[in-house]
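Undergrad: My questions all concern the structure below.
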Amino acid sequence: MSERHPAGLEELVGDGIPEGELAELRRVDSLLRAVSAPPELPDRLSSPVREPSRSGRLWTPRRALAAVALAAAVAAVFFGLGAWTAGDRFDERYAVSMSGTFEAPAASAVVRVGGADADGNRPIRLEAAGLEPLPEGGYYVLWLEKDGEYAGTCGTFAVAEGETEAEWTVSYDLGDYDAWVVSARVPGDEASDAPRILEAEIKAS
Amino acid sequence: MATEDDAALIQRTGLGDRDAFEELYRRFARPVLGMAIRQLGDNGRAEDATQETFTAIWRSARSYKPERGTASAWLYAVARHAIIDRARQRVEPAAEAPDEPSRDLGPDEHAELSWLAWRVHSALQRLPERERAVLELAYWSGLSQAEIASYLDVPLGTVKTRTRAGLARLSGLLDEVRR
Numbered sequence: 035m036s037e038r039h040p041a042g043l044e045e046l047v048g049d050g051i052p053e054g055e056l057a058e059l060r061r062v063d064s065l066l067r068a069v070s071a072p073p074e075l076p077d078r079l080s081s082p083v084r085e086p087s088r089s090g091r092l093w094t095p096r097r098a099l100a101a102v103a104l105a106a107a108v109a110a111v112f113f114g115l116g117a118w119t120a121g122d123r124f125d126e127r128y129a130v131s132m133s134g135t136f137e138a139p140a141a142s143a144v145v146r147v148g149g150a151d152a153d154g155n156r157p158i159r160l161e162a163a164g165l166e167p168l169p170e171g172g173y174y175v176l177w178l179e180k181d182g183e184y185a186g187t188c189g190t191f192a193v194a195e196g197e198t199e200a201e202w203t204v205s206y207d208l209g210d211y212d213a214w215v216v217s218a219r220v221p222g223d224e225a226s227d228a229p230r231i232l233e234a235e236i237k238a239s
Numbered sequence: 002m003a004t005e006d007d008a009a010l011i012q013r014t015g016l017g018d019r020d021a022f023e024e025l026y027r028r029f030a031r032p033v034l035g036m037a038i039r040q041l042g043d044n045g046r047a048e049d050a051t052q053e054t055f056t057a058i059w060r061s062a063r064s065y066k067p068e069r070g071t072a073s074a075w076l077y078a079v080a081r082h083a084i085i086d087r088a089r090q091r092v093e094p095a096a097e098a099p100d101e102p103s104r105d106l107g108p109d110e111h112a113e114l115s116w117l118a119w120r121v122h123s124a125l126q127r128l129p130e131r132e133r134a135v136l137e138l139a140y141w142s143g144l145s146q147a148e149i150a151s152y153l154d155v156p157l158g159t160v161k162t163r164t165r166a167g168l169a170r171l172s173g174l175l176d177e178v179r180r
């Protein structure tokens, strides 16, 4: 932008403006002078570039099932490799107990947080109990909350007999978040928010 | 659509209404990009963050609760999260993004200025195009009023009239904001 400063307000708007109106214009004038110019949108941002899915939801039941199947396959491969090479060596640094909300007072879980590797990726393991198996196509989601809002997904999992273990790798700086939350997504209940099932405050490593 | 408030647009977006989403984009893409540039200091990454912000808005609009805060504040929070996520992905050594103005700012001042810029830029997007154009030229192009008149090929008096009308309209849109 140019080094030249904008003209004074009276020059910008002309003479003969009533004092009451001029005071309001001065207030806005000072706001405009306090901020930089809004950027022009480049061509690539001339419209919403990525066509979001019509459903507007990242984790549709079909995607979730595919993700769970893929995660299971990957976990099987890595579990086999891990068992072959070193057994179950989860490098736990600390654990966080999760409590059931009023939606599932009998449920509980432990999130085990591993050490971060050189790239900043760290394993997390969820051991949950007392969870209800969800209808076909339903799934649970472990996510991180910040300021009362959804902030990052760690992974999804399903429960058959009320207890389960699931493990993922995340790259989040956990100190940036406020809480761990498990919610349930039930197929056919698209209109409502996924209910919170388990929650726990974040404990920094 | 032009007068529909932001909260209604978010709620319609949450129901999958593409038109509402595009109107939100029209209103907030520049403020989001501006915030991303200020935070990231790199236009390419800022553009990526802008895209990610609107993907997040589309995805999470259903979670917006009007009783928990204003639409603008909700959009600001979503954008801020997307930009922070993008900042975490940097591969080069950490470097503070340049910001404006150039004087040193503490975290509180920085946050306050970011929020102020967000509101001013968002309000500008609500103005009729001809008023917005003269204001942006008057405050940030460095052109004089006479040069703006020449550039837009309108009389000087028209430039002043549009400037006054634009400022008055902004006054209403920024009713609670004081510097």
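Chains as they are written, first to last, in my numbering: chain A, 35 to 239; chain B, 2 to 180.
The beta-carbon is built from N, C-alpha and C at its ideal position, and this holds for glycine as well.
When you check each C-beta in the region 58 to 74 of chain A against every C-beta of chain B, which residues fall closer than 8 Å?
TA: Correct list: E58, L59, R61, V62, D63, S64, L65, L66, R67, A68, V69, S70, A71, P72, P73 and E74.
Undergrad: Would a C-beta distance cut-off of 8 Å place L125/B and L138/B closer than the cut-off?
TA: Numbered from 1 along the second sequence, position 124 holds the residue referred to as residue 125/B. Numbered from 1 along the second sequence, position 137 holds the residue referred to as residue 138/B. Contact: no.
Undergrad: What are the residues of the region 184 to 208 of chain A that lie near chain B, defined by any Cβ-Cβ distance shorter than 9 Å?
TA: Going along the region 184 to 208 of chain A in chain order, one finds Y184, A185, G186, S205, Y206 and D207 with a Cβ nearer than 9 Å to chain B.
Undergrad: When you compare the CB of W141/B with every CB in chain A, is at least one pair closer than 8 Å?
TA: Numbered from 1 along the second sequence, position 140 holds the residue referred to as residue 141/B. Judged by the 8 Å Cβ criterion, W141/B is in contact with chain A.
Undergrad: Quick one: which unbroken beta strand (DSSP E) runs of 3-plus residues sit fully inside the region 158 to 231 of chain A? Chain order, please.
TA: Counting only runs of 3 or more, we get 173 to 180, 183 to 191, 198 to 204 and 213 to 219.
Undergrad: So, P157/A versus G148/A, is the Cβ gap smaller than 8 Å?
TA: Working through the first sequence from its first residue, we reach residue 157/A at position 123. Working through the first sequence from its first residue, we reach residue 148/A at position 114. The answer is yes: Cβ separation under 8 Å.
Undergrad: Under 8 Å between C-beta atoms, does S89/A make it to chain B?
TA: Along the first sequence, read from residue 1 onward, the residue named residue 89/A stands at position 55. Residue confidence is low: S89/A scores 44 on pLDDT, short of 50, so the model does not pin down where it sits. No coordinate-derived value is stated.
Undergrad: Would G196/A and L165/A qualify as a contact pair, given that the criterion is a beta-carbon distance under 8 Å?
TA: For the purposes of this step, residue 196/A is identified with residue 162 of the first sequence, where counting begins at 1. For the purposes of this step, residue 165/A is identified with residue 131 of the first sequence, where counting begins at 1. Against a cut-off of 8 Å, the Cβ pair of L165/A and G196/A comes out as a contact.
Undergrad: State the DSSP-derived secondary structure class of A83/B, mapped to helix, strand or coil.
TA: Residue mapping note: residue 83/B aligns to position 82 of the second sequence, counting from 1. Of the three classes helix, strand and coil, the one that applies to A83/B here is helix, per DSSP.
Undergrad: Can you tell me which of Q12/B, A166/B and Y65/B puts its alpha carbon nearest to the alpha carbon of R133/B?
TA: If you number the second sequence from 1, residue 133/B lands on position 132. Nearest option by C-alpha distance: A166/B.
Undergrad: Just to confirm, is the Cβ distance from R31/B to P72/A under 8 Å?
TA: Taking the second sequence and counting its residues from 1, the one referred to as residue 31/B is at position 30. Taking the first sequence and counting its residues from 1, the one referred to as residue 72/A is at position 38. Their beta carbons are under 8 Å apart, which means R31/B touches P72/A by this criterion.
Undergrad: Taking 8 Å as the cut-off, decide whether the C-beta atoms of E89/B and D151/A are in contact.
TA: On the second sequence, position 88 is the one that residue 89/B refers to. On the first sequence, position 117 is the one that residue 151/A refers to. In the sequence as presented, Glu is not what sits at residue 89/B; that position holds Arg. In this structure, D151/A does not lie closer than 8 Å to R89/B by Cβ.
Undergrad: Verify the CB distance criterion: does G35/B have a CB-CB separation below 8 Å to chain A?
TA: As a working note, residue 35/B is residue 34 in the second sequence. True, the Cβ-Cβ gap to chain A drops below 8 Å.
Undergrad: Counting along the chain, where does the alpha helix (DSSP H) carrying V130/A start and finish?
TA: By one-based count along the first sequence, residue 130/A stands at place 96. Per DSSP, V130/A belongs to no alpha helix (DSSP H); it is in the beta strand (DSSP E), E126 to G134.
Undergrad: Please say whether D181/A and D210/A have beta carbons closer to each other than 8 Å?
TA: By 1-based counting over the first sequence, the position of residue 210/A is 176. By 1-based counting over the first sequence, the position of residue 181/A is 147. No, these two residues do not count as a Cβ contact at 8 Å.
Undergrad: What's the gap between the Cα of D49/B and the Cα of A21/B?
TA: The residue given as residue 49/B occupies position 48 in the second sequence. The residue given as residue 21/B occupies position 20 in the second sequence. One C-alpha to the other measures close to 22 Å.
Undergrad: Would you say A130/B lies against chain A (beta-carbon separation less than 8 Å)?
TA: Translated into positions along the second sequence, residue 130/B becomes position 129. Here residue 130/B turns out to be Glu, not Ala, going by the sequence shown. Not an interface residue.
Undergrad: Around the Cβ of Y128/A, are there at least 16 other Cβ atoms within 10 angstroms (buried) or fewer (exposed)?
TA: Position 94 of the first sequence holds residue 128/A. It counts as exposed.
Undergrad: Could you tell me the alpha carbon to alpha carbon distance between A162/A and N155/A, rounded to whole angstroms?
TA: As a working note, residue 162/A is residue 128 in the first sequence. As a working note, residue 155/A is residue 121 in the first sequence. If I take the Cα positions, the gap works out to 22 Å.
Undergrad: From this set, D154/B, A9/B, Q52/B and W59/B, which residue's C-alpha is nearest S81/A's C-alpha?
TA: Indexing the first sequence from 1 puts residue 81/A at position 47. Comparing Cα-Cα distances from S81/A to each of D154/B, A9/B, Q52/B and W59/B, the minimum goes to Q52/B.
Undergrad: Would you mind listing the alpha helix (DSSP H) stretches within the region 14 to 79 of chain B that are 4+ residues and don't spill past its ends, in chain order?
TA: Fully enclosed alpha helix (DSSP H) runs of 4 or longer: 19 to 41 and 44 to 61.
Undergrad: Could one say the Cβ of E48/B lies closer than 8 Å to chain A's Cβ atoms, at least one of them?
TA: Counted from its first residue, the second sequence places residue 48/B at position 47. So, interface residue.
Undergrad: List, in chain order, every chain A residue whose beta-carbon is nearer than 7 Å to that of V121/B.
TA: Along the second sequence, read from residue 1 onward, the residue named residue 121/B stands at position 120. Near V121/B (Cβ distances below 7 Å), the residues of chain A are L65, L66 and V69.
Undergrad: Can the beta-carbon of V62/A be found closer than 8 Å to that of K161/B?
TA: Mapped onto the first sequence, residue 62/A falls at position 28. Mapped onto the second sequence, residue 161/B falls at position 160. Contact flag unset, no.
Undergrad: What do you get for R170/B, buried or exposed, if any count of 16 or more other CB atoms within 10 angstroms of its CB means buried?
TA: On the second sequence, residue 170/B is found 169 positions in, with the first residue counted as 1. Buried, since its Cβ has 16 or more Cβ neighbours within 10 Å.
Undergrad: Are the region 79 to 88 of chain B and the region 54 to 64 of chain B touching, with three or more C-beta to C-beta distances below 8 Å?
TA: The region 79 to 88 of chain B, when compared against the region 54 to 64 of chain B, does touch it at the 8 Å Cβ threshold.
Undergrad: By the criterion of Cβ-Cβ separation under 8 Å, what are the contact partners of P156/B in chain E?
TA: No chain E appears in this structure, whose protein chains are A and B.
Undergrad: Using a Cβ cut-off of 8 Å (strictly closer), state whether M35/A contacts chain B.
TA: As a working mapping, residue 35/A is identified with position 1 in the first sequence. Confidence at M35/A is low in this model, with a pLDDT of 46, below 50, so its placement is unreliable and the value that follows should be read with caution. It does: the Cβ of M35/A has a partner Cβ on chain B nearer than 8 Å.
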